Amino acid sequence: MRRTRTAGFAAVSLAAALALTACSAGEPGQTGQTAGGGGGAATSGGGGGDGITIGIKFDQPGLGLKEGNDYTGFDVDVARYVAGKLGYSEDQIQFVESVSSQRETLLENGSVDMIFATYSITDERKQRVAFAGPYFVAGQDLLVAADNTDITGPDTLDGKVLCSVEGSTSAERIRDEHSEGVELYPAQTYSECVELLSAGNVDAVTTDDVILAGYAAQPQYEGQFKVVGNPFSEENYGVGLPKENDVCEDVNSAITEMIDDGTWEELLKKNVGDNFKWNQELNPPKPQPCA
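Numbering-wise, the sequence shown is residues -25 to -1, 1 to 266 according to mature numbering (1 follows the signal peptide of the UniProt record, and there is no 0).
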């Protein structure tokens, strides 16, 4: 059942403020299904209202993946942690799919309360929605076969076949700025790109490094791939919120606590594997002040 957003956020804000004060003293389209199992513990007393609706990706292994009634990934676990610090128990969380083209609309029309979905903070998006975070800083990188020694960065792709999702600017950026001789292969999904890489039909796949690491960490691809580890862009993943909200600072406080108590690193390694080397100059990030 949907709830009134304004009232719900007010209740969250009050509960979160009390919960976070207590912690420092000593210790929220489309139809979705209630998530269950795993994640951070809820603050005692609950967040009020009848729950919180959170937008995630359903098709990104290691970040946001729906399999049956199970939801897994780094974004999902971070969402659970933050919701817990806002006073929501796991059975009060409803996850719904948040595809990239619909994220602003879902927040504007009240279909979701917040979004954790590899959602880069940009000035253009800030015209329509608000952001807490970032909780991770990604960079565009390359996924190649584990034994590939020829491809070491975007400047080493001349004569190679590079796969990315059709409509994405990732591959065009490499061709225009780094390797004019690269052959671009547009696929419908990153899963298709990774399957082509596994079959030897393309030489590399490009998108954000943590997304690539999520695919490489899947059991069916164990030992097949590596992320090159030479990122050449900066993407600040934030928590999407309605433009008018009362919880941004509380979400930032929860992210900071997650980083400080070691949960951030634990969740990242759990979901994308111990072999992923994130950019340590930018991670873990410090949340930006809420506007």
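Glycine included, each C-beta is placed from N, C-alpha and C at the ideal position.
Computed from a predicted model, the values in this text were never measured in an experiment.
Which residues bound the beta strand (DSSP E) around residue i?
i      : result
Tyr160 : Glu158 to Ala162
Which residues share a DSSP beta bridge with residue i?
i      : result
Ala107 : Val214
Lys41  : Tyr46
Val202 : Leu118
Ala179 : Leu137
Thr28  : Gln69
Ile126 : DSSP lists no partner for Ile126.
Met89  : Ile29
Ser95  : Tyr212
Taking residue i as the reference, which of the options has the closest Cα?
i           : options                           : result
Val226      : Gln263, Gly198, Ala192 and Ser208 : Gln263
residue 279 : Glu72, Val57 and Gly62            : Here the chain comprises residues numbered -25 to 266, so residue 279 is not present and cannot be evaluated.
Ala113      : Phe49, Gln195 and Gly198          : Phe49
Cys223      : Glu241, Thr182 and Cys265         : Cys265
Ala120      : Met89, Asp88 and Leu171           : Leu171
Asn246      : Gly108, Thr231 and Tyr190         : Tyr190
Ser143      : Ser75, Lys244 and Asn258          : Ser75
Arg100      : Leu81, Asp116, Tyr110 and Leu118  : Leu81
Given a cut-off of 7 Å, decide if residue j and residue i are closer than it, judged by their beta-carbon atoms.
i      : j      : result
Ile68  : Ile31  : no
Lys60  : Ala229 : yes
Asn220 : Ala105 : yes
Leu187 : Val202 : yes
Thr93  : Tyr212 : yes
Ala162 : Val140 : yes
Leu159 : Leu137 : yes
Phe207 : Pro129 : yes
DSSP state of residue i, grouped into three classes?
i      : result
Ile149 : helix
Ala174 : helix
Gln263 : coil
Hey, could you find the ends of the alpha helix (DSSP H) residue i is sitting in?
i      : result
Trp253 : Element bounds for Trp253: n/a, residue is neither H nor E.
Val185 : Asp184 to Ala191
Leu132 : Run containing Leu132: none; DSSP gives neither H nor E here.
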